[in-house]
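A quick write-up on the structure given underneath.
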Amino acid sequence: MTAFASLIADFAAAWCANDAPAVTALFDTGDPEVACLFADAVDPAIGAAACAAAVEARCAAIGQHVYTPREILTRDLGPDLAAAFFLIERAWVARAGTDHAGTRLGQKARATLVARRIGTAWRIAHYAEAPVAPLLELQAYYQNVAADGLDAIPPRPWAKTSRSPS
40 MTAFASLIAD FAAAWCANDA PAVTALFDTG DPEVACLFAD AVDPAIGAAA CAAAVEARCA
100 AIGQHVYTPR EILTRDLGPD LAAAFFLIER AWVARAGTDH AGTRLGQKAR ATLVARRIGT
160 AWRIAHYAEA PVAPLLELQA YYQNVAADGL DAIPPRPWAK TSRSPS
(Lines of atoms letter the chains of each structure in order from A and count residues from 1; the text may use other names and numbers.)
(Lines give C-alpha, C1' and ligand atoms only; values in the text may rest on other atoms or scores of the structure.)
Protein backbone atom coordinates (compact mmCIF):
# COMPACT_ATOMS: atom_id res chain seq x y z
CA MET A 1 0.00 0.00 0.00
CA THR A 2 1.39 3.38 -0.95
CA ALA A 3 1.58 6.20 1.58
CA PHE A 4 -1.21 8.02 -0.27
CA ALA A 5 -3.43 4.91 -0.24
CA SER A 6 -2.77 4.54 3.48
CA LEU A 7 -4.08 8.10 3.98
CA ILE A 8 -7.43 6.95 2.56
CA ALA A 9 -7.38 3.85 4.77
CA ASP A 10 -6.52 5.96 7.84
CA PHE A 11 -9.31 8.41 6.95
CA ALA A 12 -11.83 5.55 6.74
CA ALA A 13 -10.60 4.02 10.01
CA ALA A 14 -10.87 7.36 11.83
CA TRP A 15 -14.45 7.80 10.59
CA CYS A 16 -15.31 4.23 11.62
CA ALA A 17 -13.93 4.97 15.09
CA ASN A 18 -16.03 8.17 15.11
CA ASP A 19 -12.82 9.92 16.18
CA ALA A 20 -13.13 13.59 15.20
CA PRO A 21 -9.58 14.54 16.31
CA ALA A 22 -8.11 11.65 14.28
CA VAL A 23 -10.13 12.65 11.19
CA THR A 24 -9.15 16.31 11.59
CA ALA A 25 -5.46 15.41 12.07
CA LEU A 26 -5.44 14.03 8.52
CA PHE A 27 -6.23 17.45 7.05
CA ASP A 28 -3.54 19.97 6.09
CA THR A 29 -4.32 22.32 8.97
CA GLY A 30 -1.51 24.65 7.88
CA ASP A 31 -3.37 25.52 4.67
CA PRO A 32 -5.75 28.46 5.20
CA GLU A 33 -7.86 27.18 2.30
CA VAL A 34 -8.14 23.54 3.37
CA ALA A 35 -11.74 22.58 2.62
CA CYS A 36 -14.31 19.88 3.19
CA LEU A 37 -17.86 19.48 1.95
CA PHE A 38 -20.06 16.65 3.16
CA ALA A 39 -22.86 15.22 1.03
CA ASP A 40 -25.56 16.62 3.33
CA ALA A 41 -24.04 20.11 3.58
CA VAL A 42 -24.92 23.10 1.42
CA ASP A 43 -21.71 25.08 1.83
CA PRO A 44 -18.11 23.89 2.18
CA ALA A 45 -16.17 24.33 5.39
CA ILE A 46 -13.07 26.36 4.50
CA GLY A 47 -10.11 26.67 6.84
CA ALA A 48 -8.78 24.34 9.51
CA ALA A 49 -11.16 25.55 12.24
CA ALA A 50 -14.22 25.26 9.97
CA CYS A 51 -13.22 21.76 8.81
CA ALA A 52 -12.62 20.67 12.41
CA ALA A 53 -16.03 22.05 13.44
CA ALA A 54 -17.76 20.27 10.53
CA VAL A 55 -16.09 16.95 11.39
CA GLU A 56 -16.86 17.39 15.11
CA ALA A 57 -20.52 18.16 14.37
CA ARG A 58 -20.83 15.06 12.21
CA CYS A 59 -19.17 12.84 14.82
CA ALA A 60 -21.35 14.34 17.58
CA ALA A 61 -24.49 13.27 15.72
CA ILE A 62 -23.30 9.72 15.07
CA GLY A 63 -23.29 6.88 17.58
CA GLN A 64 -21.80 4.11 15.43
CA HIS A 65 -20.33 4.65 12.00
CA VAL A 66 -19.20 2.46 9.12
CA TYR A 67 -17.37 4.31 6.34
CA THR A 68 -16.24 2.08 3.49
CA PRO A 69 -14.42 3.51 0.47
CA ARG A 70 -14.81 1.41 -2.69
CA GLU A 71 -13.77 1.69 -6.33
CA ILE A 72 -10.80 3.86 -5.39
CA LEU A 73 -9.14 5.60 -8.31
CA THR A 74 -5.96 7.55 -7.55
CA ARG A 75 -3.98 9.96 -9.69
CA ASP A 76 -0.62 11.58 -9.12
CA LEU A 77 -0.95 15.28 -9.89
CA GLY A 78 2.70 16.03 -9.21
CA PRO A 79 5.52 14.86 -6.96
CA ASP A 80 3.74 16.11 -3.82
CA LEU A 81 0.11 16.26 -4.94
CA ALA A 82 -2.40 13.46 -5.55
CA ALA A 83 -6.13 12.98 -5.98
CA ALA A 84 -8.47 10.11 -5.21
CA PHE A 85 -12.00 9.51 -6.40
CA PHE A 86 -14.07 6.82 -4.70
CA LEU A 87 -17.50 5.58 -3.75
CA ILE A 88 -18.39 5.75 -0.07
CA GLU A 89 -20.78 3.27 1.45
CA ARG A 90 -21.70 4.69 4.80
CA ALA A 91 -23.98 3.45 7.56
CA TRP A 92 -24.52 4.94 10.97
CA VAL A 93 -26.79 5.03 13.99
CA ALA A 94 -27.94 8.48 15.04
CA ARG A 95 -26.82 9.42 18.55
CA ALA A 96 -29.30 9.97 21.40
CA GLY A 97 -30.50 13.55 21.53
CA THR A 98 -30.43 14.02 17.74
CA ASP A 99 -33.45 14.25 15.41
CA HIS A 100 -33.29 10.59 14.42
CA ALA A 101 -31.89 9.11 17.66
CA GLY A 102 -31.34 5.36 17.47
CA THR A 103 -32.27 5.21 13.79
CA ARG A 104 -30.01 3.28 11.43
CA LEU A 105 -29.21 5.46 8.44
CA GLY A 106 -27.17 4.91 5.32
CA GLN A 107 -25.87 6.75 2.32
CA LYS A 108 -23.85 6.23 -0.82
CA ALA A 109 -21.78 9.14 -2.01
CA ARG A 110 -18.94 9.88 -4.38
CA ALA A 111 -15.88 11.45 -2.82
CA THR A 112 -13.04 13.51 -4.16
CA LEU A 113 -9.96 13.80 -1.97
CA VAL A 114 -6.96 15.93 -2.93
CA ALA A 115 -3.88 15.60 -0.75
CA ARG A 116 -0.41 17.03 -0.61
CA ARG A 117 2.73 15.47 0.78
CA ILE A 118 4.18 17.43 3.68
CA GLY A 119 7.54 15.93 4.57
CA THR A 120 6.84 12.20 4.56
CA ALA A 121 3.12 12.45 5.42
CA TRP A 122 0.15 12.96 3.12
CA ARG A 123 -2.46 15.45 4.32
CA ILE A 124 -5.90 16.28 2.91
CA ALA A 125 -6.15 19.68 1.23
CA HIS A 126 -9.65 19.22 -0.19
CA TYR A 127 -12.38 16.67 0.51
CA ALA A 128 -15.84 16.73 -1.06
CA GLU A 129 -18.75 14.30 -1.14
CA ALA A 130 -21.75 14.22 -3.46
CA PRO A 131 -24.77 11.92 -3.15
CA VAL A 132 -24.64 9.17 -5.75
CA ALA A 133 -28.28 9.41 -6.69
CA PRO A 134 -30.45 12.00 -4.94
CA LEU A 135 -33.54 10.56 -6.65
CA LEU A 136 -32.82 7.14 -5.17
CA GLU A 137 -32.42 8.78 -1.76
CA LEU A 138 -35.76 10.55 -2.25
CA GLN A 139 -37.36 7.26 -3.21
CA ALA A 140 -36.04 5.65 -0.01
CA TYR A 141 -37.27 8.65 2.01
CA TYR A 142 -40.79 8.36 0.61
CA GLN A 143 -40.78 4.61 1.14
CA ASN A 144 -39.89 5.26 4.79
CA VAL A 145 -42.69 7.82 5.04
CA ALA A 146 -45.09 5.32 3.48
CA ALA A 147 -43.98 2.66 5.97
CA ASP A 148 -43.86 4.91 9.05
CA GLY A 149 -46.67 7.35 8.25
CA LEU A 150 -46.64 11.12 8.18
CA ASP A 151 -45.03 11.26 11.63
CA ALA A 152 -41.77 10.31 9.89
CA ILE A 153 -41.68 13.72 8.21
CA PRO A 154 -39.61 16.16 10.27
CA PRO A 155 -41.52 19.24 11.42
CA ARG A 156 -41.06 22.44 9.44
CA PRO A 157 -42.09 25.21 11.83
CA TRP A 158 -41.55 27.88 9.18
CA ALA A 159 -44.05 26.31 6.75
CA LYS A 160 -47.76 27.01 7.08
CA THR A 161 -49.95 24.25 5.71
CA SER A 162 -53.60 23.39 5.93
CA ARG A 163 -52.57 20.93 8.68
CA SER A 164 -50.79 23.65 10.67
CA PRO A 165 -52.56 24.93 13.76
CA SER A 166 -53.60 28.58 13.42
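Taking the numbering used here, the leading residue of the sequence shown gets 40, the next gets one more, and so forth. For each residue, glycine too, the CB sits at the ideal point set by N, CA and C.
Among all the DSSP beta bridges, which residues are the ones paired with Leu167?
-> Reading the sequence as shown, one finds Ala at residue 167 and not Leu. Bridge partners of Ala167: Leu76 and Thr151.
When Ala133, Pro170 and Phe124 are compared against Gln146, the one with the closest alpha-carbon = Pro170
Does the Cβ of Phe77 have 16 or more other Cβ atoms within 10 Å, making it buried, or fewer, making it exposed?
-> buried
If you check the beta carbons only, do Leu144 and Ala133 fall under 8 Å apart?
-> yes
For Val105, write down the residues that DSSP places opposite it in a beta bridge.
-> Ala130
Using 8 Å as the threshold, is the region 177–186 in touch with the region 150–165, meaning 3 or more CB pairs across them?
-> no
Can you tell which of Leu175, Ala44 and Phe50 has its C-alpha closest to the C-alpha of His104?
-> Phe50
Would you kindly check if the distance between the Cβ of Ala84 and the Cβ of Ala99 is under 8 Å?
-> no
Since Arg114 sits in a beta bridge, which residues does DSSP pair it with?
-> Ala122
Write down the C-beta distance between Phe121 and Phe43 rounded to the nearest angstrom, noting that I regard them as a contact closer than 8 Å.
-> Looking at the sequence provided, one finds Ala at residue 121 rather than Phe. Rounded, the Cβ-Cβ distance is 5 Å, consistent with contact.
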